[in-house]
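**Q** The structure that follows is given in the form of C-alpha cells.
2 protein chains.
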Amino acid sequence: MTEAKERTRDRISRRQVDKFADRRAQLAASALQTLAELGYARTSLREIAQNSEFSHGVLHYYFADKVDLLTHCVRQFEEVCVTRYDEIVARARTAADLERDFAAAMAATLRADAKMHRLWYDLRNQSLFEDSFRADVLEIDRRREEMIHHVVARYAELASAPAAVPQAVAYALLDGLFQQALLRHLAGEEEAAAGLELAVPAVLARFVVG
Amino acid sequence: MTEAKERTRDRISRRQVDKFADRRAQLAASALQTLAELGYARTSLREIAQNSEFSHGVLHYYFADKVDLLTHCVRQFEEVCVTRYDEIVARARTAADLERDFAAAMAATLRADAKMHRLWYDLRNQSLFEDSFRADVLEIDRRREEMIHHVVARYAELASAPAAVPQAVAYALLDGLFQQALLRHLAGEEEAAAGLELAVPAVLARFVVG
DNA sequence: CCAAGGTCTGGACAGTCGTCAAGGGTCTCT
DNA sequence: AGAGACCCTTGACGACTGTCCAGACCTTGG
Chain W
3 MTEAKERTRD
13 RISRRQVDKF
23 ADRRAQLAAS
33 ALQTLAELGY
43 ARTSLREIAQ
53 NSEFSHGVLH
63 YYFADKVDLL
73 THCVRQFEEV
83 CVTRYDEIVA
93 RARTAADLER
103 DFAAAMAATL
113 RADAKMHRLW
123 YDLRNQSLFE
133 DSFRADVLEI
143 DRRREEMIHH
153 VVARYAELAS
163 APAAVPQAVA
173 YALLDGLFQQ
183 ALLRHLAGEE
193 EAAAGLELAV
203 PAVLARFVVG
Chain H
3 MTEAKERTRD
13 RISRRQVDKF
23 ADRRAQLAAS
33 ALQTLAELGY
43 ARTSLREIAQ
53 NSEFSHGVLH
63 YYFADKVDLL
73 THCVRQFEEV
83 CVTRYDEIVA
93 RARTAADLER
103 DFAAAMAATL
113 RADAKMHRLW
123 YDLRNQSLFE
133 DSFRADVLEI
143 DRRREEMIHH
153 VVARYAELAS
163 APAAVPQAVA
173 YALLDGLFQQ
183 ALLRHLAGEE
193 EAAAGLELAV
203 PAVLARFVVG
C-alpha cells in the first residue's frame, strides 16, 4: 500500500470518525432536550428519537445501550455547565462589580435555563440510586465546585480579605440557594430570580472575613 | 332503630374506617421503603407489593391509582420529616449547646437515614416535572423551612443577637450543605458526616450579627 | 456500472408497566 | 343458616419499554 493511499484512508477514516462523533453529539443533544422536558423517569428512547430527525432504531447504531447514551449526555451536559461565570470573574475590577454581576448571572441563568438546571439536579439524584452515572456526576459536581471557588477566591482577592469558608462549603451553600430559587421559580413564583439576585451578594459577603 | 344500635354501628363503622386508614398507612410504608431503596424512576406497584405482605392487586383496593398512592406516601413522609430538631431546640440552654447538638443531629440523621433523605430529594425533584405532588412537596418544604427557622431563631435568642439572614435563605443554605454531605456520604466518603458536623456550627454562627 | 460498506428505517421480540375485573375467602348481622 | 359486606388473590388487558435485526437507502471506490 502506498503512502498516499494510507493518508487517504486515514483522512477518510478520520472524517468518518468525526461524522460518527458528530451524530452522537447531535443525538445526545436531542436526548438532553427530551430529558430536560420530561425528566429522567419519563424519558424513553422512542421519545428521544421523536425529538430528533431520526427513527428510534438509530440510537442503537450510535450507542451501545441506554446507559451509554445517558452517560454521553451527562458528559456533554458538563461542557455547558461549568464555564458559566468565568467571563464575569475575568472582567470584574472591584468586589462590588463581582458581587453584582455574579448575582445577576445566577438570576439570569435561573430564568433562561430553568429546565436544564432541573435536569441537572434530577441526574445528580439519579446517580444516588444508580451507579452508572455516579463517576461522571461527581466529576461535574467537582468542576462546579471549582467554578464557584474561582468566583469566591477572586472576590476575596478584590476585597483584600482572606476567604473564611472552605470551597466545598461555599459551593454547597450557593448551590442550596440556587436550588431553592429554582424550586420557587418553577412553582410559578415570579420573584424567585429577583430574590436570588438579592440573597447572593449578602451570602457572598459573608464568605470573607471582616 | 334504637340508640344502642346506632352507637354500635358507629363504632363498627369507625373501626372499619380506622382499619382502612391503617392498611393505607401500612401499604404506604411499604411503598416508602421501596422508593427509598430504588428511587422514584424504578419503583413499580408490583415491587411495592412484594415489599409488603400483600399481592399487587390490593393496592388498587386501597388507592385510586399510582398517583394517589404516591401522594399519600409523600404526606406520610412529612410526619417523620419535620419534627426532627424540635427536642434539641427545647433542651438547649446556651448557643454553644444548640450549635453542637444541632450539628450532631444533622450528622446522625445523615448517617442513619441516608436513603430516606435521598428519597426526599428525589421526590422534590420529581415535583418539578410532574405537578401531581407539587402542592404536597412545597408544603413539606415550607415546614422544613419553618423547622430550620425554629433552630435559627432560638440560636439567635440564646446568642442575644438578632438573626441576620431571612429564614428562607437560612433554610436554603443549610439544605444545600446537607445535600452536599449526603452526596458525599452515599458516594462512600467516610468523612462526609463528620465534615457536615464541622461545617454546620460555622455556618450557624454567621446567621447572627456580631 | 457494479460491489461494498456505512447509515438509517420500521417492525418484531420479550418483558414490564398500571389498571381492572372475576372470583374466593372471611366475618357479621338477621 | 343464609345473605351481604368487606378484604384479598389471581390472571388478564393494552400500552409501553429496551433491544435487536432484516432490509432499504445512499455514498464511495474500483
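Note that the protein sequences, when read in sequence, are chains W and H.
Okay, so the first sequence: first residue is 3 according to the numbering used here, each after it adds one.
Okay, so the second sequence: first residue is 3 according to the numbering used here, each after it adds one.
Where is the CB? At the ideal position from N, CA and C, for every residue including glycine.
All values derive from a computational prediction rather than experimental measurement.
CB-CB under 7 Å to alanine 106(W), same chain, minus the five flanking residues each way: which ones, in chain order?
**A** One-based indexing of the first sequence puts residue 106(W) at position 104. Closer than 7 Å at Cβ, skipping near neighbours: Glu199.
**Q** Tell me which same chain residues have a C-beta within less than 6 Å of the C-beta of leucine 37(W), skipping the five on either side of it?
**A** Taking the first residue of the first sequence as position 1, residue 37(W) is located at position 35. Within the same chain, leucine 37(W) has close Cβ partners Thr45, Leu121.
**Q** Would you say asparagine 127(W) reaches chain H, if we count a Cβ-Cβ gap shorter than 8 Å as a contact?
**A** Counting from one through the first sequence, the residue named residue 127(W) turns up at place 125. Interface residue, yes.
**Q** Alanine 195(W) and arginine 136(W) look like a contact to me (Cβ under 8 Å); what is the Cβ gap, rounded to whole Å?
**A** By 1-based counting over the first sequence, the position of residue 195(W) is 193. By 1-based counting over the first sequence, the position of residue 136(W) is 134. Wrong, their Cβ atoms sit about 31 Å apart, outside the cutoff.
**Q** By DSSP, does glutamate 5(H) sit in helix, in strand, or in coil?
**A** For the purposes of this step, residue 5(H) is taken as residue 3 along the second sequence, with counting starting at 1. Because the pLDDT of glutamate 5(H) is 45, which lies under 50, any placement of that residue in the model is unreliable, and the question is left without a value.
**Q** Please report the distance separating the alpha-carbon of serine 54(H) from that of glutamate 147(H).
**A** As a first step, residue 54(H) must be located in the second sequence, where it is residue number 52. As a first step, residue 147(H) must be located in the second sequence, where it is residue number 145. Those two C-alpha atoms are separated by around 33 Å.
**Q** Any beta carbon of chain H sitting closer than 8 Å to that of arginine 136(W)?
**A** In the first sequence, residue 136(W) corresponds to position 134, counting from 1. Output row for arginine 136(W): interface = yes.
**Q** Note down the Cα distance separating aspartate 138(W) from glutamine 169(W), rounded to an integer number of angstroms.
**A** Locating residue 138(W) in the first sequence gives position 136, where the first residue counts as 1. Locating residue 169(W) in the first sequence gives position 167, where the first residue counts as 1. For aspartate 138(W) and glutamine 169(W), the distance between alpha carbons rounds to 20 Å.
**Q** For phenylalanine 65(H), collect the residues of the same chain with a Cβ closer than 8 Å to its Cβ; drop the 5 residues on either side in sequence, then sort them by chain order.
**A** On the second sequence, residue 65(H) is found 63 positions in, with the first residue counted as 1. Taken in chain order, the residues that qualify are Arg26, Leu29, Leu71, His74.
**Q** Pick helix, strand or coil for valine 202(H), following the three-state DSSP scheme.
**A** Locating residue 202(H) in the second sequence gives position 200, counting from the first residue. Here valine 202(H) sits in helix by DSSP.
**Q** Alanine 189(H) CB to nearest chain W CB: under 8 Å?
**A** If you number the second sequence from 1, residue 189(H) lands on position 187. By this cut-off, alanine 189(H) is an interface position.
**Q** What runs of the alpha helix (DSSP H), each 4 residues or longer, lie entirely inside the region 107 to 138 of chain W?
**A** You should have 116 to 131.
**Q** CA-CA distance, alanine 97(H) and phenylalanine 22(H)?
**A** Position 95 of the second sequence, counted from the first residue, corresponds to residue 97(H). Position 20 of the second sequence, counted from the first residue, corresponds to residue 22(H). Between alanine 97(H) and phenylalanine 22(H), the C-alpha separation is close to 46 Å.
**Q** Following the continuous alpha helix (DSSP H) through glutamate 192(H), name the residue where it begins and the one where it ends.
**A** Counted from its first residue, the second sequence places residue 192(H) at position 190. Per DSSP, glutamate 192(H) belongs to no alpha helix (DSSP H) and is neither H nor E.
**Q** The alpha helix (DSSP H) spanning threonine 85(H) covers which residue range?
**A** Working through the second sequence from its first residue, we reach residue 85(H) at position 83. Where threonine 85(H) is concerned, there is no enclosing alpha helix (DSSP H), given that its DSSP letter is neither H nor E.
**Q** Check the C-beta distance from leucine 206(H) over to glutamate 101(H) and give it rounded, since I have them as a contact under 8 Å.
**A** Locating residue 206(H) in the second sequence gives position 204, where the first residue counts as 1. Locating residue 101(H) in the second sequence gives position 99, where the first residue counts as 1. With 8 Å as the limit, leucine 206(H) and glutamate 101(H) qualify as a contact, their Cβ atoms being about 6 Å apart.
**Q** Distance check for aspartate 24(W) and phenylalanine 180(W), CA to CA, integer angstroms please.
**A** Your numbering for residue 180(W) matches position 178 in the first sequence. Your numbering for residue 24(W) matches position 22 in the first sequence. If you take the alpha carbons of phenylalanine 180(W) and aspartate 24(W), they lie about 33 Å apart.
**Q** Count the other CB atoms within 10 Å of the CB of valine 69(H); is the residue buried (16 or more) or exposed (fewer)?
**A** Taking the first residue of the second sequence as 1, we reach residue 69(H) at position 67. Label assigned to valine 69(H): exposed.
**Q** How long is the line joining the alpha carbons of arginine 9(W) and tyrosine 63(W), rounded to whole angstroms?
**A** Translated into the one-based positions of the first sequence, residue 9(W) becomes position 7. Translated into the one-based positions of the first sequence, residue 63(W) becomes position 61. Residue placement at arginine 9(W) is flagged as unreliable, the pLDDT there being 42, under the threshold of 50; the coordinate-derived value follows with that caveat. Rounded to whole angstroms, arginine 9(W) to tyrosine 63(W) spans 27 Å at the Cα level.
**Q** Would you please verify whether the beta carbon of phenylalanine 79(H) is less than 8 Å from any beta carbon of chain W?
**A** Here residue 79(H) corresponds to residue number 77 of the second sequence, with the count starting at 1. No - not a single Cβ of chain W is within 8 Å of the one on phenylalanine 79(H).
**Q** I need the boundaries of the alpha helix (DSSP H) containing arginine 186(H), first residue and last residue.
**A** As a working mapping, residue 186(H) is identified with position 184 in the second sequence. Note, arginine 186(H): alpha helix (DSSP H), 169 to 188.
**Q** Helix, strand or coil: which one does DSSP assign to alanine 165(H)?
**A** The count along the second sequence starts at 1 and reaches residue 165(H) at position 163. It is a strand residue.
**Q** Quick test of your reading: alanine 172(W) and valine 210(W), contact by CB under 8 Å. State the CB separation rounded to the nearest angstrom.
**A** The residue you call residue 172(W) lines up with position 170 of the first sequence. The residue you call residue 210(W) lines up with position 208 of the first sequence. The Cβ separation is near 10 Å, so there is no contact.
**Q** Using beta carbons (cut-off 8 Å, strictly below), is aspartate 88(H) in contact with chain W?
**A** Here residue 88(H) is taken as the residue at index 86 of the second sequence, counted from 1. It does not; no Cβ of chain W falls within 8 Å.
**Q** Hey, quick one: how far does the alpha helix (DSSP H) through alanine 51(H) stretch, first residue to last?
**A** On the second sequence, residue 51(H) is found 49 positions in, with the first residue counted as 1. Start and end: 47 to 52.
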